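Position 92 of the sequence shown, counted from 1, bears residue number 99 in the working numbering, the numbering being contiguous throughout.
Cβ coordinates follow ideal geometry from the N, Cα and C atoms, glycine included.
All values reported here derive from a predicted model rather than from experimental measurement.
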Amino acid sequence: MTTGLRLCDDNPQSQSAQTACEQMQGGSTVVAADHAPGYARKLGIQRDQVVQEWGWDEDTDDEIRADVEEACGGELLDEDTDEVVDVVLLWWRDGDGDLVDTLMDAIGPLAEDGVIWVLTPKTGKPGHVLPAEIAEAAPTAGLMPTSSVNLGDWSASRLVQPKSRTGKR
């Protein structure tokens with residue numbers, strides 16, 4: 008006997024709800040509302056993209072990480088990977104060191120059209136980094152800031168390689 012409400016559909020934007028809905032526990036359908044804030048969507052993460060994570064620590068947001076892993080369909084790669092990556096998630100806090108050096112290291116495995124997201128604690132949170140610091144470090148590392156998004160207690164700044172640098176085809 009199935010209890011609960013079946014909310015499953017073919018809507019690809021509610022994949023997490025679809026997956027949870029299809030799980031069975033003790034003969035009951037588990038129904039989950041799609042409460043995920045859409046972190047991966049805000050970051051532009053898509054299925055089959057390779058995502059690398061830098062700067063993980065105890066304070067990183069596991070909900071953001073889980074949403075990104077679900078969206079890309081794989082685990083986040085660590086900083087030591089040799090694979091070419093589409094997206095770098097760089098968790099960065101005040102006092103973490105030299106942002107320019109870290110960005111230059113993160114560019115190494117990045118695909119030509121790849122994106123680096125610098126995630127910092129929001130204003131008023133321990134470790135907050137001013138957006139101006141990121142905007143200043145980016146061009147020194149050969150990157151351009153393009154946009155920013157709010158992700159819960161974190162802010163994310165999107166950095167890309169200038170088109171002239173990636174080589175026009």
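Taking all protein chains shown into account, do 16 or more other C-beta atoms lie within 10 angstroms of the C-beta of residue i, making it buried, or fewer, making it exposed?
{"i": "E5", "result": "Residue 5 is absent from the structure shown; the chain starts at 8 and stops at 176."}
{"i": "G121", "result": "buried"}
{"i": "L137", "result": "exposed"}
Return yes when the Cβ of residue j is within less than 9 Å of the Cβ of residue i, no when it is not.
{"i": "W99", "j": "D85", "result": "no"}
{"i": "T127", "j": "S154", "result": "no"}
{"i": "L50", "j": "V94", "result": "yes"}
{"i": "L83", "j": "L166", "result": "no"}
Rounded to the nearest angstrom, what separates residue i and residue j at their Cα positions?
{"i": "G81", "j": "E140", "result": "31 Å"}
{"i": "D108", "j": "G45", "result": "30 Å"}
{"i": "E217", "j": "D69", "result": "The structure shown does not extend to residue 217, since the chain spans only 8 to 176, so no value can be given for it."}
{"i": "P169", "j": "G149", "result": "8 Å"}
{"i": "R135", "j": "D105", "result": "Looking at the sequence provided, one finds His at residue 135 rather than Arg. One C-alpha to the other measures close to 15 Å."}
{"i": "A118", "j": "G131", "result": "34 Å"}
{"i": "D103", "j": "L97", "result": "11 Å"}
{"i": "V75", "j": "T147", "result": "28 Å"}
{"i": "D55", "j": "A144", "result": "30 Å"}
{"i": "C79", "j": "K129", "result": "25 Å"}
{"i": "I123", "j": "Q53", "result": "14 Å"}
{"i": "E90", "j": "P133", "result": "33 Å"}
{"i": "I71", "j": "R48", "result": "11 Å"}
{"i": "V125", "j": "P152", "result": "10 Å"}
{"i": "D66", "j": "A73", "result": "14 Å"}
If I follow the unbroken beta strand (DSSP E) through residue i, where does it start and stop?
{"i": "R165", "result": "161-167"}
{"i": "V118", "result": "Per the sequence shown, residue 118 should be read as Ala rather than Val. Element bounds for A118: 117-128."}
{"i": "P152", "result": "151-158"}
Residue i lies in the alpha helix (DSSP H); which residues open and close that run?
{"i": "L106", "result": "106-114"}
{"i": "P133", "result": "Neither: P133 is in no alpha helix (DSSP H) and is coded neither H nor E."}
{"i": "A144", "result": "138-147"}
### Task
Counting only runs of 3+ residues fully inside the region 41-99, write out the beta strand (DSSP E) ranges in chain order.
Within the region 41-99, the complete beta strand (DSSP E) runs of at least 3 residues are 58-61, 92-98.
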